[in-house]
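Student: First to last, the sequence lines map onto chains A and B. Each number in the working numbering comes from the position in the first sequence (counting from 1) with 1258 added on. Each number in the working numbering comes from the position in the second sequence (counting from 1) with 1258 added on.
Protein chains: 2
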Amino acid sequence: MVHMCFVSFIMGEGERIKPTIYDVAKEAKVSIATVSKVINKTGSISDPTRKKVNKVIQRLNYKPNVVASALTKKQTDTLALIIPDISNVFFSEISRFIEDKAHEMGLTLFICSTDYNEEKERRYIELLQSKQVDGFIIASGFQNIHLVEEFHQNNIPVTLLAQDNLTESFNVVSVDDYRGGFLAVNHLVSLGHQNIAVIAERVHSSTLRLHAYRDLLGMNGIPIKEENIIRTTASIQNGEKAMLELLQKEIRPTAVFAANDILAVGAMKAARSLGLEVPRDLSVIGFDNMILSTTTVPELTTVAQPIKDMAEKIVDVLIRQIKMPDLAKERTLFVPELIVRESTAQPPKFE
Amino acid sequence: MVHMCFVSFIMGEGERIKPTIYDVAKEAKVSIATVSKVINKTGSISDPTRKKVNKVIQRLNYKPNVVASALTKKQTDTLALIIPDISNVFFSEISRFIEDKAHEMGLTLFICSTDYNEEKERRYIELLQSKQVDGFIIASGFQNIHLVEEFHQNNIPVTLLAQDNLTESFNVVSVDDYRGGFLAVNHLVSLGHQNIAVIAERVHSSTLRLHAYRDLLGMNGIPIKEENIIRTTASIQNGEKAMLELLQKEIRPTAVFAANDILAVGAMKAARSLGLEVPRDLSVIGFDNMILSTTTVPELTTVAQPIKDMAEKIVDVLIRQIKMPDLAKERTLFVPELIVRESTAQPPKFE
DNA sequence: CCAGAATGGTTAAGCGCTTTCCGAAAAGAT
DNA sequence: ATCTTTTCGGAAAGCGCTTAACCATTCTGG
């Protein structure tokens, strides 16, 4: 008799209906409250009844319906991660670390790609609010920061990843972009480069990296030529196009600082297509230290972000904010690291 | 008076409480049933009341709680995508297409990385069942297919992506791996290669590609040397290691078929580290046509999968299965395409 | 031996929605 | 003018769970 399955589990077509907490309670001859308590390890339940209930749970293969529990607890244990594009390696790598950390903390993640598109941003944000996610992580590249401020004011927990905003105070974790830009350009300058171009994205973090570029050139008495600075969006093609344009100049740059590795790869392709050799004729430095930077020939010199640490930190910060909404907001800046590989060298000598 | 916000929306600390359907109903002086009907466009509601209700919804900035509606409708409009690793470009690219298609169909996606690890697979699957996802997409690389069979028998919709299984009948969409392997090896053979190595993953799809290799060599009267075949898992390092080993032989292969682009990139690195030039000394062909294959020097010849079409097809199939569970299962095979770039050439001539 | 404190378990309300069933009113048919 | 439909909207049950409040034991110490 022990393993008999009772009638309510068999339907017309032989379809199995999922057991509910009521079924478990009935089988174990206790109330649903008791079952709930053993599942959640709350209240005080004696050892015998706990075992009894657990046995029934096993036998019926009962899985609590967390939709129902989310409704009562007003908490879904679900986070939303909003990024521009999961197929961009930078975001997929960091997403992976965020997923792992979230999962470790018992949370599940919706990952949504918004393509730098305000309409998609709005649609996803509304949808995810409807889905009652417990908090949002907004990654760099989010366009309509105003949207975020909106629900920030409604006390919905948000943290910003590699993205800052001055009009409202958010929790943010980021790499120190200024410092990263500094490291990159300083590397080029100390190799002897004077004519350094920049290909940067049109996002805030790139702007900070660009500030470092200007300041550093200034500190070294190197004149800044605006036509050496191109802003675009991250893609290999765009990097290539930008570099082609930069190499078109009468006096062409001997080095280029690409604000991320994708653009750097494009730059290398452009150089190659013009018959230039990297790093002999052109030094290239990237940013992010993505897997890409080790697959190029020559391998790419770049600036690494500690994305695993950043990922874990941002989940921690978000969870803290969910639990204690009134805590003061904080910014955490991680320090980047220069990774010297093969794509940078001294500038060619002209007599 | 029009924009007055009523008391229940202001709490002690100035915190706003989300309005519920009751608040809308009260404000609009209708029943909650009516509000529900205008939101879902069900039942029959006169134009004036519909407008009235919508106006209140606007004013209160009401967003339906889909957790509650999921509980009553027993449907979460959420899908689970289980892959080995989102930071692997192949999976992040295909995930992106799946996300887009799912979103277009009104569904949200949980993307979960299981690292070829049975324990993680089990944990995620159980969690997601608890979260009441409407269906699963299981991508290639899933280890414990037995787990899947289990809930397949519980009538939980599952479709397999680029993964087949013979013991149970699932809906599957995949590329025609055998044909893809055929295209790749045939390309090498017709360039004149006789000594062709293979680096393959330990997954079913790679096995099929390997079958094509064997059959094709057989058809061309080329003897198959088992020591030319290495099986490993996908990573640049593993590709490199495998290639190094293959190049250690007395008579070394003149070409290698890597079962995916990641391994191919590793193979190219190995060749380069031994001072060999691709394709002059070694032809390399990959599989998948990932973005990686255009960033290498030389660019990688590979076999492309129509991943966008596959992604769209698989969510269509899954949705169909969710709606009509009793339909017969089907396999959809997409045909791959050879993309010739720079990494393959005729074998070196020896006199 | 009994008041008071633990301990172990139950009852019942309620989370925010969907949906069936029903009744009233309006519209059409005779 | 009366009867039948149709249209519109409401009442209420219920989805599967959590939790506050409560009650019944058993345990403790004076």
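Positions of the beta carbon are idealized from the N, C-alpha and C atoms, including for glycine.
My understanding is that T1560 of chain A touches V1523 of chain B, with C-beta atoms under 8 Å, so please give their C-beta distance in whole angstroms.
Tutor: About 17 Å separates the two Cβ atoms, so there is no contact after all.
Student: Mapping the DSSP letters down to three states, classify G1595 of chain B as helix, strand or coil.
Tutor: First, the residue type needs correcting, since residue 1595 of chain B is Glu and not Gly in the sequence shown. Three-state DSSP puts E1595 of chain B in a strand.
Student: Is T1559 of chain A close to chain B, meaning its C-beta is less than 9 Å from at least one C-beta of that chain?
Tutor: So no, T1559 of chain A is outside the interface.
Student: Run down chain B in chain order and give the residues with a C-beta less than 8 Å from the C-beta of S1388 of chain A.
Tutor: Those are K1321, P1322, N1323 and V1324, listed as they occur along chain B.
Student: Just confirm the distance between the C-beta atoms of Q1421 of chain A and F1400 of chain A, as a whole number of angstroms; I'd bet it's less than 8 Å.
Tutor: Q1421 of chain A to F1400 of chain A, Cβ: 6 Å. Contact.
Student: Near K1295 of chain A, what residues of its chain come up, given a Cβ to Cβ distance below 7 Å and the 5 sequence neighbours on each side ignored?
Tutor: Around K1295 of chain A: G1301 and I1303.
Student: Check distances from the C-beta atoms of the region 1549-1574 of chain B to those of chain A and list, in chain order, the residues that come in under 8 Å.
Tutor: The residues in question are I1549, L1550, T1552, T1553, T1554 and V1555.
Student: Does DSSP put E1459 of chain A in a helix, a strand or coil?
Tutor: In the structure shown, E1459 of chain A sits in a strand (DSSP, three-state: E or B).
Student: Can you pull the chain B neighbours of L1329 of chain A, defined as C-beta to C-beta under 9 Å?
Tutor: Residues of chain B passing the Cβ test: N1323, V1325, A1326, A1328 and L1329.
Student: In the region 1276-1303 of chain A, which residues sit with their C-beta less than 7 Å from some C-beta in chain B, listed in chain order?
Tutor: The residues in question: there are none.
Student: Taking the CB atoms as reference points, tell me whether N1402 of chain A and T1417 of chain A lie closer together than 9 Å.
Tutor: Their beta carbons are not under 9 Å apart, which means N1402 of chain A does not touch T1417 of chain A by this criterion.
Student: Is there at least one Cβ from chain B nearer than 9 Å to T1366 of chain A's Cβ?
Tutor: Yes, T1366 of chain A counts as interfacial toward chain B.
Student: Can you confirm whether Q1523 of chain B, when its beta carbon is compared against all beta carbons of chain A, has any partner nearer than 9 Å?
Tutor: It is Val, not Gln, that sits at residue 1523 of chain B in the sequence shown. Yes, its Cβ sits closer than 9 Å to a Cβ of chain A.
Student: Should Y1382 of chain B be flagged as near chain A, meaning a C-beta pair shorter than 9 Å?
Tutor: Chain A, which has a Cβ nearer than 9 Å to the Cβ of Y1382 of chain B, makes this yes.
Student: Checking 9 Å against the spacing of the C-beta atoms, do A1455 of chain A and N1478 of chain A come in under that value?
Tutor: Taking 9 Å as the Cβ cut-off, A1455 of chain A and N1478 of chain A do not qualify as a contacting pair.
Student: Go to S1294 of chain A, then tell me how far its alpha helix (DSSP H) extends in each direction, as first and last residue.
Tutor: Element bounds for S1294 of chain A: I1290 to N1298.
Student: What residues of chain B sit near D1343 of chain A, judged by a beta carbon separation below 8 Å?
Tutor: What D1343 of chain A touches in chain B: R1354.
Student: Give me the Cα-Cα distance between N1298 of chain A and A1286 of chain A, rounded to the nearest whole angstrom.
Tutor: Taking the straight line from one Cα to the other gives about 17 Å.
Student: Return helix, strand or coil for S1345 of chain A, following the three-state DSSP convention.
Tutor: Three-state result, S1345 of chain A: coil.
Student: How should N1346 of chain B be labelled, buried or exposed, when 16 other C-beta atoms within 10 angstroms of its C-beta is the threshold for buried?
Tutor: N1346 of chain B should be labelled buried.
Student: In terms of alpha-carbon separation, which member of B:I1480, B:D1473 and B:I1457 lies closest to I1494 of chain B?
Tutor: Closest by alpha carbon: B:I1457.
Student: Using beta carbons (cut-off 9 Å, strictly below), is E1600 of chain A in contact with chain B?
Tutor: Chain B, which has no Cβ nearer than 9 Å to the Cβ of E1600 of chain A, makes this no.
Student: Apart from the five residues on each side of it in sequence, which residues of its chain come closer than 6 Å, Cβ to Cβ, to M1407 of chain B?
Tutor: Note that residue 1407 of chain B corresponds to Glu in the displayed sequence, not to Met. Cβ neighbours of E1407 of chain B beyond the five flanking positions: E1426.
Student: Starting from S1531 of chain A, find everything on chain B with Cβ-Cβ shorter than 9 Å and list it in chain order.
Tutor: Here the premise fails: no neighbours, minimum Cβ distance about 11 Å.
Student: Does E1426 of chain A have its Cβ less than 9 Å from a Cβ in chain B?
Tutor: So no, E1426 of chain A is outside the interface.
Student: Are the C-beta of I1369 of chain A and some C-beta of chain B separated by less than 9 Å?
Tutor: Yes - at least one Cβ of chain B is within 9 Å of the one on I1369 of chain A.
Student: Does DSSP put A1326 of chain B in a helix, a strand or coil?
Tutor: A1326 of chain B falls in the helix class under three-state DSSP.
Student: Taking T1334 of chain A as the query, report the chain B residues whose CB atoms sit under 9 Å from its CB, ordered along the chain.
Tutor: Result: V1325 and K1389.
Student: Quick one: grab the DSSP three-state call for E1609 of chain A.
Tutor: Residue placement at E1609 of chain A is flagged as unreliable, the pLDDT there being 42, under the threshold of 50; the coordinate-derived value follows with that caveat. Note: E1609 of chain A maps to coil in three-state DSSP.
Student: Check whether the region 1466-1477 of chain A touches the region 1527-1543 of chain A, counting contact only when three or more Cβ pairs, one atom from each stretch, lie closer than 8 Å.
Tutor: Touching, no, given that fewer than three Cβ pairs across the two stretches are closer than 8 Å.
Student: So with CB distances below 7 Å, who are the chain A contacts of S1350 of chain B?
Tutor: The contacting residues are I1344, S1345 and S1350.
Student: In whole angstroms, give me the CA-to-CA distance for R1578 of chain A and A1283 of chain B.
Tutor: So the alpha carbons of these two residues sit roughly 35 Å apart.
Student: So is K1389 of chain A buried or exposed if we call it buried at 16+ other beta carbons inside 10 Å?
Tutor: Buried, since its Cβ has 16 or more Cβ neighbours within 10 Å.
Student: Between which two residues does the alpha helix (DSSP H) holding F1400 of chain B run?
Tutor: Unbroken run through F1400 of chain B: none, as it is neither H nor E.
Student: Please list the residues of the region 1493-1507 of chain B that have a C-beta atom closer than 9 Å to any C-beta atom in chain A, keeping them in chain order.
Tutor: If the cut-off is 9 Å between Cβ atoms, the region 1493-1507 of chain B has I1494 near chain A.
Student: In chain order, which continuous runs of the alpha helix (DSSP H) of length 4 or greater are located wholly inside the region 1357-1439 of chain B?
Tutor: Complete alpha helix (DSSP H) runs here, min 4: 1376-1388 and 1403-1411.
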